[in-house]
Amino acid sequence: MEERPLYLTSTLLYGFAGLVVFFGVWFVLPTTGLVPVQFLPSPITVAERVATLTTNRFAGATLPAHIAYSFTRFISGFALAALIGIPLGLLMGWFRIVDEIAGPIFDGLRFIAPIAWVPFAALWFGTGIGGPIMIIFAGAFPPCVINAYRGARQVDPRLIEAAEMLGTSDMRMMTNILLPASVPSIVAGLRVAAGLGWQSLVGAELIVASTGVGFMMVQAQANVATSTVMSGMVAIGIVGLLIDIILRWGEAAIRRRRGLNA
Amino acid sequence: MRNRKAMVGLGAIAGVVLLWFALTRWFGIIPIGRFPTPGEFWDALKQIELRGFAGSRLHAHALHSLRLIVISFLVAVATGIPLGLLMGWNRRAEALINPVFMLIRPIPPLAWIPLAILWLGLGDAAKVMVIWFAAFVPSVINAHAGVRNIDRSMIEAARMMGTPPHRLVMEVIVPAAMPMIFTGLRLSLQASWTTLVAAELVGALVGVGFVLNVAQQDIFPAMILVGMLTVGVLGWFTTYVLGLVERRVLAWSVQGRA
Numbered sequence: 025m026e027e028r029p030l031y032l033t034s035t036l037l038y039g040f041a042g043l044v045v046f047f048g049v050w051f052v053l054p055t056t057g058l059v060p061v062q063f064l065p066s067p068i069t070v071a072e073r074v075a076t077l078t079t080n081r082f083a084g085a086t087l088p089a090h091i092a093y094s095f096t097r098f099i100s101g102f103a104l105a106a107l108i109g110i111p112l113g114l115l116m117g118w119f120r121i122v123d124e125i126a127g128p129i130f131d132g133l134r135f136i137a138p139i140a141w142v143p144f145a146a147l148w149f150g151t152g153i154g155g156p157i158m159i160i161f162a163g164a165f166p167p168c169v170i171n172a173y174r175g176a177r178q179v180d181p182r183l184i185e186a187a188e189m190l191g192t193s194d195m196r197m198m199t200n201i202l203l204p205a206s207v208p209s210i211v212a213g214l215r216v217a218a219g220l221g222w223q224s225l226v227g228a229e230l231i232v233a234s235t236g237v238g239f240m241m242v243q244a245q246a247n248v249a250t251s252t253v254m255s256g257m258v259a260i261g262i263v264g265l266l267i268d269i270i271l272r273w274g275e276a277a278i279r280r281r282r283g284l285n286a
Numbered sequence: 003m004r005n006r007k008a009m010v011g012l013g014a015i016a017g018v019v020l021l022w023f024a025l026t027r028w029f030g031i032i033p034i035g036r037f038p039t040p041g042e043f044w045d046a047l048k049q050i051e052l053r054g055f056a057g058s059r060l061h062a063h064a065l066h067s068l069r070l071i072v073i074s075f076l077v078a079v080a081t082g083i084p085l086g087l088l089m090g091w092n093r094r095a096e097a098l099i100n101p102v103f104m105l106i107r108p109i110p111p112l113a114w115i116p117l118a119i120l121w122l123g124l125g126d127a128a129k130v131m132v133i134w135f136a137a138f139v140p141s142v143i144n145a146h147a148g149v150r151n152i153d154r155s156m157i158e159a160a161r162m163m164g165t166p167p168h169r170l171v172m173e174v175i176v177p178a179a180m181p182m183i184f185t186g187l188r189l190s191l192q193a194s195w196t197t198l199v200a201a202e203l204v205g206a207l208v209g210v211g212f213v214l215n216v217a218q219q220d221i222f223p224a225m226i227l228v229g230m231l232t233v234g235v236l237g238w239f240t241t242y243v244l245g246l247v248e249r250r251v252l253a254w255s256v257q258g259r260a
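Line order of the protein sequences matches chains A and B. The numbering used here puts the first sequence at residues 25 to 286. The numbering used here puts the second sequence at residues 3 to 260.
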């Protein structure tokens, strides 16, 4: 933009320099005592803490066990959102009356942050597994609906007309025409949904759960165990990144097969 | 056509309210204590606005949360957009900052809440910090992408006519990146509300999230509903205001006219 792109070596050098400054400052502040260690543990302390937590329990379980609890909840809520959201989006895309009825209700609910469902989720489904799943659902549901709807509305009209001419029923129209044609849009929606669902899960676990990475962080915060809080952040970041990488890879594979540019 | 759509929409919302009466009052299908009846909701609304709940009256809670959102959002935007523009414009700055940014980005803003409480306590400063994180990342990403997607020929044309650098930035780069920046702002705003509500649910002394928190602990479903609807109304209101600003700023573009 400003000039020609940098050479690969300079990009790597600059990137390395940036990381060195970042970790350098983070390392120097606590080790020189400029900032108390309880306030900001150095990256090495955090790394050691992550290693300890893989075998030692904190807040009732080891770090991998907490991750497993969180991930199970995430998959359940995410699957539920996809299983209900995608068909609803397709229905809204095909039947105008469903769109007109569900649209305003959906638009109204959209402005309520998913995390605001926490009190009702706890009241209705408890704090064990049901409550957090409902929060993930609240976070992941809207992108599933919106993208299935958009996908269904953007199907090539020629395909629909051809199918209509052959006397296709509404049901088959949705499963055999709209669904396959809107797969790229739906997968893009699933990626957004996964990101929002994962972050809603973390929020829910901070507030109402009794296991999971979020719960571990809140317990650590109450005990002023900053290195454990930061270990939780690292774990959440890595799992979230892995989920995104897997879905991105799936999205690219589907787009390639469709002959769309990835 | 438009009329029919509005009619069905209104009908749907009236249907929901009717269904609410039916399920909670007339037939009692939803057991008492699970979801409030419309009467209970109204009483809770009167109680919080007239006598106060969780330490303040409703408008005080709402204004407190709204003020936090506006302040933090503006700070995040004022720091995020320039950084994104810089990264889009200057390859060296991009190469320097991007790896660090990529490292921090996967951590959801909500995961910063415990750390923010450890660092800054339960007051407003911790909320400003987490909302800043929530709104900062989308601002940077979209400003960055906005600059990257500018049509090169526009910049070259401006250069050819001898536009000095500061005018090039202010009159070509920034306006051309503006539509993308506004897309980022809408995402930032949504993330800000989610984060604030979560932070206030985890620990606060005032605010709509705190109302939800106390209502949950008191098992007071009507007040939970009041809190949720307040969150919804505030979220809608800020999005509406942002939309007005967008239409003003982007009056020249397709996005602004839509």
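Note that the Cβ used here is the ideal one computed from N, Cα and C, for glycine as well.
Practice task
Would you kindly check if the distance between the Cβ of Ile-139 of chain A and the Cβ of Leu-112 of chain B is under 9 Å?
Solution key: One-based indexing of the second sequence puts residue 112 of chain B at position 110. One-based indexing of the first sequence puts residue 139 of chain A at position 115. In contact: Leu-112 of chain B and Ile-139 of chain A (Cβ atoms closer than 9 Å).
Exercise for the section: For Ser-58 of chain B, name the three-state secondary structure that DSSP assigns. Expected result: Locating residue 58 of chain B in the second sequence gives position 56, counting from the first residue. In the structure shown, Ser-58 of chain B sits in a strand (DSSP, three-state: E or B).
Problem - Three-state class that DSSP yields for Phe-63 of chain A in the structure shown - result: As a first step, residue 63 of chain A is located in the first sequence; it is residue number 39 there, counting from the start. The answer is coil: DSSP assigns Phe-63 of chain A none of H, G, I, E or B.
Practice task
Quick one: list the residues of chain A neighbouring Leu-214 of chain B, beta-carbon separation under 8 Å, in chain order.
Solution key: Against the second sequence, residue 214 of chain B aligns to sequence position 212. Going along chain A in sequence order, the residues near Leu-214 of chain B (Cβ under 8 Å) are Ala-140, Val-142 and Pro-143.
Handout entry: CB contact check: Gly-148 of chain B to chain A, cutoff 9 Å
Key = As a working mapping, residue 148 of chain B is identified with position 146 in the second sequence. False, the Cβ-Cβ gap to chain A never drops below 9 Å.
Problem - Residues near Glu-51 of chain B in its chain [Cβ-Cβ closer than 6 Å; skip 5 each side] - result: For the purposes of this step, residue 51 of chain B is taken as residue 49 along the second sequence, with counting starting at 1. Only Arg-59 and Leu-60 meet the Cβ criterion.
Exercise for the section: Could you please give me the residues that DSSP links to Phe-82 of chain A through a beta bridge? Expected result: Taking the first sequence and counting its residues from 1, one reaches residue 82 of chain A at position 58. Per DSSP, A:Ala-85.
Exercise for the section: For chain A, find out if any of its Cβ atoms is closer than 9 Å to the Cβ of Ile-226 of chain B; answer yes or no. Expected result: The residue you call residue 226 of chain B lines up with position 224 of the second sequence. Closer than 9 Å to some Cβ of chain A, the Cβ of Ile-226 of chain B qualifies, so yes.
Practice task
Return yes when the C-beta of His-66 of chain B is under 8 Å from any heavy atom of the ligand MG, and no when it is not.
Solution key: As presented, the structure is devoid of all ligands, the ligand MG included, so that no description of it is given.
Problem - Residue-chain proximity (Arg-93 of chain B, chain A), Cβ-Cβ < 9 Å - result: For the purposes of this step, residue 93 of chain B is taken as the residue at position 91 of the second sequence. Taking Cβ atoms only, chain A reaches closer than 9 Å to Arg-93 of chain B, which makes this a yes.
Problem - chain B contact for Thr-192 of chain A (CB, 9 Å cutoff) - result: Indexing the first sequence from 1 puts residue 192 of chain A at position 168. It does not; no Cβ of chain B falls within 9 Å.
Problem - Simplified DSSP assignment, three categories, for Trp-134 of chain B - result: Position 132 of the second sequence, counting from 1, holds the residue named residue 134 of chain B. Trp-134 of chain B: helix per DSSP, three-state reduction.
Practice task
Determine, using beta carbons only, whether Gly-42 of chain A and Gly-113 of chain A come nearer to each other than 9 Å.
Solution key: Position 18 of the first sequence, counted from the first residue, corresponds to residue 42 of chain A. Position 89 of the first sequence, counted from the first residue, corresponds to residue 113 of chain A. Cβ atoms of Gly-42 of chain A and Gly-113 of chain A: not closer than 9 Å.
Exercise for the section: Express the C-alpha separation of Arg-53 of chain B and Ile-110 of chain A in angstroms, rounding to a whole number. Expected result: Indexing the first sequence from 1 puts residue 110 of chain A at position 86. Indexing the second sequence from 1 puts residue 53 of chain B at position 51. Their backbone Cα atoms lie some 44 Å apart in a straight line.
Exercise for the section: Could you confirm whether any beta carbon from chain B is found closer than 9 Å to the beta carbon of Met-116 of chain A? Expected result: Indexing the first sequence from 1 puts residue 116 of chain A at position 92. Judged by the 9 Å Cβ criterion, Met-116 of chain A is not in contact with chain B.
Handout entry: From A:Ala-71, A:Gly-256, A:Ala-105 and A:Ile-262, residue whose alpha carbon lies closest to that of Ile-170 of chain A
Key = Along the first sequence, one-based indexing puts residue 170 of chain A at 146. Nearest C-alpha to Ile-170 of chain A: A:Ala-105.
Practice task
Would you check if the distance between the CB atom of Ala-46 of chain B and the CB atom of Leu-227 of chain B is smaller than 9 Å?
Solution key: Position 44 of the second sequence, counted from the start, is the residue given in the question as residue 46 of chain B. Position 225 of the second sequence, counted from the start, is the residue given in the question as residue 227 of chain B. Yes. Within cutoff.
Exercise for the section: With 9 Å as the threshold, decide whether the Cβ of Met-25 of chain A is near any Cβ in chain B. Expected result: The residue given as residue 25 of chain A occupies position 1 in the first sequence. Confidence at Met-25 of chain A is low in this model, with a pLDDT of 48, below 50, so its placement is unreliable and the value that follows should be read with caution. Yes, because at least one Cβ of chain B sits closer than 9 Å to the Cβ of Met-25 of chain A.
Exercise for the section: Spatial neighbours of Pro-88 of chain A within its chain, please: CB distance less than 8 Å, with the 5 preceding and 5 following residues excluded, ordered by chain position. Expected result: The residue you call residue 88 of chain A lines up with position 64 of the first sequence. These residues qualify, in order along the chain: Thr-78.
Exercise for the section: Measuring alpha carbon to alpha carbon, tell me which of B:Phe-184, B:Ser-190, B:Val-149 and B:Met-182 ends up nearest Val-171 of chain B. Expected result: In the second sequence, counting from the first residue as 1, residue 171 of chain B sits at position 169. Looking at the Cα atoms, B:Val-149 is the closest of the given residues.
Problem - Burial state of Ile-175 of chain B (16 or more Cβ within 10 Å) - result: As a working mapping, residue 175 of chain B is identified with position 173 in the second sequence. A residue is called buried once 16 or more other Cβ atoms fall within 10 Å of its Cβ, and Ile-175 of chain B is buried on that count.
Practice task
Ignore the nearest five residues each way along the sequence and tell me which others in Ser-251 of chain A's own chain have a CB closer than 6 Å to its CB.
Solution key: Looking up residue 251 of chain A in the first sequence gives position 227. Same-chain partners within the cutoff: Pro-65, Thr-69, Val-70 and Arg-73.
Exercise for the section: Find the residues of chain A that neighbour Pro-223 of chain B, judging by a C-beta separation of less than 9 Å, and give them in chain order. Expected result: Along the second sequence, one-based indexing puts residue 223 of chain B at 221. What Pro-223 of chain B touches in chain A: Pro-143, Phe-144 and Leu-147.
Handout entry: Segment limits, alpha helix (DSSP H) that includes Pro-108 of chain B
Key = Position 106 of the second sequence, counting from 1, holds the residue named residue 108 of chain B. Where Pro-108 of chain B is concerned, there is no enclosing alpha helix (DSSP H), given that its DSSP letter is neither H nor E.
Practice task
Under 7 Å between beta-carbons, which chain A residues line up against Pro-108 of chain B? List them in chain order, please.
Solution key: Position 106 of the second sequence, counted from the first residue, corresponds to residue 108 of chain B. Correct list: Gly-261, Gly-264 and Leu-265.
Exercise for the section: Report buried or exposed for Thr-1 of chain B, applying the criterion of at least 16 other Cβ atoms within 10 angstroms of its Cβ. Expected result: Coverage of chain B is limited to positions 3 through 260, which leaves residue 1 of chain B absent and any answer about it impossible.
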